[in-house]
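Taking it in order: structure first as structure tokens, then the write-up.
Number of protein chains: 2
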Amino acid sequence: MSLARDLELRHLTALTAVAETGTFGRAAQRLGYTQSAVSQQIAALERTVGAPLFDRPGGPRPVTLTPLGKILVDHAGAVLERVDAAATDIERFQAGTIGRIDIGTFQSVSTALLPSLLARLRAERPNIEARLVEDDDHEELVRQTIDGHLDVSFLVGDTPADIETIDLIVDPFVVLALPDVVGDDAVPAPLLNDTPLIGEQDSPCQRTVDQGLYAIGVTPDYVFRTSDNSAIAAMVRAGMGMAVVPLLSVELEDPRIAVRHLDPPIPPRRIAIGWRRDRTLSPAAERFIEITREMTAELRDRQLASIA
Amino acid sequence: MSLARDLELRHLTALTAVAETGTFGRAAQRLGYTQSAVSQQIAALERTVGAPLFDRPGGPRPVTLTPLGKILVDHAGAVLERVDAAATDIERFQAGTIGRIDIGTFQSVSTALLPSLLARLRAERPNIEARLVEDDDHEELVRQTIDGHLDVSFLVGDTPADIETIDLIVDPFVVLALPDVVGDDAVPAPLLNDTPLIGEQDSPCQRTVDQGLYAIGVTPDYVFRTSDNSAIAAMVRAGMGMAVVPLLSVELEDPRIAVRHLDPPIPPRRIAIGWRRDRTLSPAAERFIEITREMTAELRDRQLASIA
DNA sequence: ATCAGGCATCAGCTCCACTTATCAACAAGG
DNA sequence: CCTTGTTGATAAGTGGAGCTGATGCCTGAT
Chain A
2 MSLARDLELR HLTALTAVAE TGTFGRAAQR LGYTQSAVSQ QIAALERTVG APLFDRPGGP
62 RPVTLTPLGK ILVDHAGAVL ERVDAAATDI ERFQAGTIGR IDIGTFQSVS TALLPSLLAR
122 LRAERPNIEA RLVEDDDHEE LVRQTIDGHL DVSFLVGDTP ADIETIDLIV DPFVVLALPD
182 VVGDDAVPAP LLNDTPLIGE QDSPCQRTVD QGLYAIGVTP DYVFRTSDNS AIAAMVRAGM
242 GMAVVPLLSV ELEDPRIAVR HLDPPIPPRR IAIGWRRDRT LSPAAERFIE ITREMTAELR
302 DRQLASIA
Chain B
2 MSLARDLELR HLTALTAVAE TGTFGRAAQR LGYTQSAVSQ QIAALERTVG APLFDRPGGP
62 RPVTLTPLGK ILVDHAGAVL ERVDAAATDI ERFQAGTIGR IDIGTFQSVS TALLPSLLAR
122 LRAERPNIEA RLVEDDDHEE LVRQTIDGHL DVSFLVGDTP ADIETIDLIV DPFVVLALPD
182 VVGDDAVPAP LLNDTPLIGE QDSPCQRTVD QGLYAIGVTP DYVFRTSDNS AIAAMVRAGM
242 GMAVVPLLSV ELEDPRIAVR HLDPPIPPRR IAIGWRRDRT LSPAAERFIE ITREMTAELR
302 DRQLASIA
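From first to last, the protein sequence lines are chains A and B. Oh and the first sequence: position 125 is 126 in our numbering, straight run, nothing missing. Oh and the second sequence: position 133 is 134 in our numbering, straight run, nothing missing.
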């Protein structure tokens with residue numbers, strides 16, 4: 002007969018119904034039961050509580066709550082209200098209109114992709130909360146995706162088997178130069194050996210660039226390094242030299258800067274979005290993935306159209 | 002499958018147990034069920050919610066909450082906490098250590114009886130809240146006792162059949178006078194016809210006094226009226242005249258004032274405590290009634306001893 | 001490849017909760 | 001005073017829900 006053990010929500014709704022209608026019969030009618038059923042429910046509740054909850058005056062007069070009944074009704078109201086809140090919350094969550102998404106990302110995605118993705122998500126589902134964890138270390142993102150800190154994460158490179166991924170976009174490394182020092186076609190790799198270069202400060206991305214250059218026989222001669230992408234473009238525009246950067250980080254609209262492929266190319270980064278395999282995603286997260294696929298597909302088409 | 006309809010507390014406790022232990026089996030052990038039972042409970046819960054709450058990786062690895070499961074666990078925690086609060090609250094209420102008593106009273110009881118009663122109640126059960134409704138209209142107190150606004154009420158005079166009462170004390174009307182103008186025995190009624198009187202301002206109590214005086218052949222000649230009891234005593238002490246007041250309102254310790262019975266007496270007020278018959282009283286209210294009986298019994302003895 | 005640990009499923013049984021029907025209590029009205 | 005209508009309680013019966021115990025299947029580890 003311990004209270005928390007045997008208490009049932011059904012009994013509490015019956016209690017409030019009787020308290021509000023004043024008779025067992027009307028309460029039963031409201032709940033879709035028989036009078037007998039409500040009578041037994043209240044009796045059961047009184048048994049678990051150990052004392053009467055209603056005074057039954059007999060005859061056609063309405064029953065009234067005992068002092069104990071009043072107390073329990075108050076609590077019942079609070080409990081049922083909380084349950085109701087849970088119900089609507091869950092409904093909305095399943096409809097995808099509320100929820101929280103923890104997204105793993107790294108710098109180029111953060112600057113080039115995420116703003117428009119999040120803007121669209123926000124426009125579509127304004128009550129979804131997105132949290133970003135930015136880390137340029139691929140392994141760290143993978144780890145947090147596996148242990149559940151992240152719902153989804155943008156990734157490059159290989160991923161373990163228990164991460165499921167969708168390839169989004171291939172981000173080639175391109176050469177930024179002044180239009181008059183390069184032709185309309187791809188830039189031949191040896192040219193870079195005779196040219197001062199502008200680069201990022203040490204970062205996983207920059208290391209990928211350098212390894213790629215060495216692999217095609219280029220020994221880069223950096224005359225300037227910065228962590229600011231737009232500073233790189235400014236340096237190139239000022240004639241300081243050329244730069245090898247991921248296409249994603251390039252503002253494509255500047256006619257004073259030529260964007261050219263390398264020949265032979267450096268292996269491009271393949272950007273994907275991934276999540277823990279066999280873990281259920283929230284509707285919100287699924288929608289985010291879908292939005293990401295759509296918008297990167299559009300971006301891919303524009304990219305192909307805009308580069309020589 | 003509507004949520005608020007089919008949700009059961011048992012399922013929620015199972016949910017939190019599994020979430021905390023990480024496996025169905027250990028959760029079952031904690032709850033005193035078999036693994037199969039917990040499995041079925043979670044399955045039932047998932048059926049009412051309409052989506053999985055756990056990801057089961059298979060093998061010896063622990064199950065993990067889905068995003069939906071996390072949400073439901075949060076709500077379950079809140080609901081169960083509320084239920085727990087209700088349980089302890091009810092337990093304490095039934096033990097009589099908490100609760101609220103609405104007490105009906107009128108002036109002479111409020112000043113002469115209630116302070117010590119409430120002091121003792123407070124000393125004994127400090128967490129019981131007492132609320133007073135003071136009204137000198139007997140009928141009003143009866144009405145509020147019947148409709149449930151009052152748990153118990155002090156009453157004088159007749160009460161309807163559906164009020165159950167316990168007689169507490171007989172409060173005689175006595176004469177206040179200077180010791181040297183009255184003897185040691187009861188004051189003969191005719192004496193009052195030759196004496197200026199001090200009385201209360203118009204009130205149900207004063208009307209009872211006047212009717213009583215007329216009934217024994219006294220036509221009162223009031224030279225002063227006040228609503229302040231101590232002012233009446235001061236006037237008598239100053240030799241302005243005599244007063245006829247309920248004994249309860251007299252501070253008995255003043256040697257400069259004689260307290261005498263009337264001969265013949267005015268019918269005294271019989272003070273009782275009453276409550277709605279066939280309504281369950283809270284343990285707190287029952288204790289209050291008991292305290293009142295004890296202390297008024299003591300008072301009665303002291304009263305008998307202290308008056309000629 | 002076998003083993004162990006974990007959840008799902010099935011069959012069976014018990015017991016609970018509801019319905020139907022009837023009873024008892026009480027108030028109101030003739 | 002008796003009748004009538006309204007109310008809750010109760011008994012019996014039935015269907016289903018929930019638990020147990022056994023088994024199957026999946027997965028990771030030895």
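All C-beta atoms in this analysis are idealised placements derived from N, C-alpha and C, irrespective of residue type, glycine included.
C-beta neighbour in chain A for residue i, strict 7 Å
{"i": "residue 1 (chain B)", "result": "Past the edges of chain B, shown from 2 to 309, lies residue 1 (chain B), and the structure says nothing about it."}
{"i": "residue 188 (chain B)", "result": "no"}
{"i": "residue 280 (chain B)", "result": "yes"}
{"i": "residue 134 (chain B)", "result": "no"}
{"i": "residue 221 (chain B)", "result": "no"}
{"i": "residue 180 (chain B)", "result": "no"}
Residue from the options whose Cα sits closest to the Cα of residue i
{"i": "residue 200 (chain B)", "options": "B:284, B:55, B:247, B:80", "result": "B:247"}
{"i": "residue 220 (chain B)", "options": "B:195, B:140, B:226", "result": "B:195"}
{"i": "residue 262 (chain B)", "options": "B:87, B:192, B:23", "result": "B:192"}
{"i": "residue 297 (chain A)", "options": "A:125, A:273, A:281", "result": "A:273"}
{"i": "residue 216 (chain B)", "options": "B:267, B:295, B:181", "result": "B:267"}
{"i": "residue 204 (chain B)", "options": "B:184, B:226, B:187", "result": "B:226"}
{"i": "residue 158 (chain B)", "options": "B:304, B:281, B:167, B:79", "result": "B:167"}
{"i": "residue 258 (chain B)", "options": "B:46, B:80, B:234, B:23", "result": "B:234"}
{"i": "residue 19 (chain B)", "options": "B:291, B:34, B:278, B:52", "result": "B:34"}
{"i": "residue 197 (chain B)", "options": "B:184, B:224, B:210", "result": "B:224"}
Through-space distance from residue j to residue i, alpha-carbon basis
{"i": "residue 16 (chain B)", "j": "residue 27 (chain B)", "result": "12 Å"}
{"i": "residue 145 (chain A)", "j": "residue 133 (chain A)", "result": "12 Å"}
{"i": "residue 65 (chain B)", "j": "residue 127 (chain A)", "result": "28 Å"}
{"i": "residue 9 (chain B)", "j": "residue 141 (chain B)", "result": "46 Å"}
{"i": "residue 189 (chain A)", "j": "residue 264 (chain A)", "result": "5 Å"}
{"i": "residue 107 (chain B)", "j": "residue 68 (chain A)", "result": "24 Å"}
{"i": "residue 101 (chain B)", "j": "residue 71 (chain A)", "result": "11 Å"}
{"i": "residue 309 (chain B)", "j": "residue 177 (chain B)", "result": "Caution is warranted here: a pLDDT of 48 is assigned to residue 309 (chain B), below 50, making its placement in the model unreliable, and the coordinate value is therefore given only provisionally. If I take the Cα positions, the gap works out to 13 Å."}
{"i": "residue 117 (chain B)", "j": "residue 174 (chain B)", "result": "22 Å"}
{"i": "residue 60 (chain A)", "j": "residue 160 (chain B)", "result": "23 Å"}
{"i": "residue 164 (chain A)", "j": "residue 55 (chain A)", "result": "59 Å"}
{"i": "residue 301 (chain A)", "j": "residue 293 (chain A)", "result": "12 Å"}
{"i": "residue 88 (chain B)", "j": "residue 95 (chain B)", "result": "11 Å"}
{"i": "residue 275 (chain A)", "j": "residue 131 (chain A)", "result": "16 Å"}
{"i": "residue 129 (chain A)", "j": "residue 155 (chain A)", "result": "19 Å"}
{"i": "residue 244 (chain A)", "j": "residue 83 (chain A)", "result": "59 Å"}
{"i": "residue 58 (chain A)", "j": "residue 286 (chain B)", "result": "20 Å"}
{"i": "residue 78 (chain B)", "j": "residue 85 (chain B)", "result": "10 Å"}
{"i": "residue 295 (chain B)", "j": "residue 152 (chain B)", "result": "19 Å"}
{"i": "residue 169 (chain B)", "j": "residue 14 (chain A)", "result": "42 Å"}
{"i": "residue 7 (chain A)", "j": "residue 80 (chain A)", "result": "15 Å"}
{"i": "residue 147 (chain B)", "j": "residue 279 (chain B)", "result": "11 Å"}
Where residue i meets chain B, residues with beta-carbon distance less than 8 Å
{"i": "residue 94 (chain A)", "result": "68, 69, 72"}
{"i": "residue 90 (chain A)", "result": "72, 76"}
{"i": "residue 65 (chain A)", "result": "149, 280"}
{"i": "residue 275 (chain A)", "result": "Neighbours of residue 275 (chain A) on chain B: none; closest Cβ ~16 Å, over 8 Å."}
{"i": "residue 158 (chain A)", "result": "The contacting residues do not exist; residue 158 (chain A) stays about 25 Å from chain B at best."}
Within chain A, the residues that residue i reaches when beta carbons sit closer than 9 Å
{"i": "residue 21 (chain B)", "result": "Here the premise fails: no neighbours, minimum Cβ distance about 16 Å."}
{"i": "residue 105 (chain B)", "result": "Per Cβ cutoff of 9 Å: no residues; residue 105 (chain B) is ~16 Å from chain A at best."}
Contact set between residue i and chain A, taken where Cβ atoms lie within less than 8 Å
{"i": "residue 394 (chain B)", "result": "The requested residue 394 (chain B) is not part of the displayed model; chain B covers only 2 to 309."}
{"i": "residue 45 (chain B)", "result": "None at all; the shortest Cβ gap to chain A is about 14 Å."}
Below-7 Å beta-carbon distance, residue i vs any chain B residue
{"i": "residue 80 (chain A)", "result": "yes"}
{"i": "residue 16 (chain A)", "result": "no"}
{"i": "residue 309 (chain A)", "result": "With a pLDDT of only 47 at residue 309 (chain A), under the threshold of 50, the placement of this residue in the model should not be trusted, and no figure is reported."}
{"i": "residue 283 (chain A)", "result": "yes"}
Amino acids of chain A, ordered along the chain, whose beta-carbon sits closer than 7 Å to that of residue i
{"i": "residue 85 (chain B)", "result": "5"}
{"i": "residue 10 (chain B)", "result": "8, 9, 10"}
{"i": "residue 1 (chain B)", "result": "Summary: the structure shown does not reach residue 1 (chain B), with chain B confined to residues 2 through 309, and so no result is reported for it."}
Interface residues of chain B facing residue i [CB-CB closer than 7 Å]
{"i": "residue 52 (chain A)", "result": "95"}
Residue i CB to nearest heavy atom of the ligand ZN below 6 Å
{"i": "residue 161 (chain B)", "result": "No copy of the ligand ZN occurs in the structure displayed, which carries no ligand at all."}
Subject >> Sequence ranges, beta strand (DSSP E) only - wholly within the region 184-244 of chain B, length at least 3 >> reply: Fully enclosed beta strand (DSSP E) runs of 3 or longer: 198-201, 223-227.
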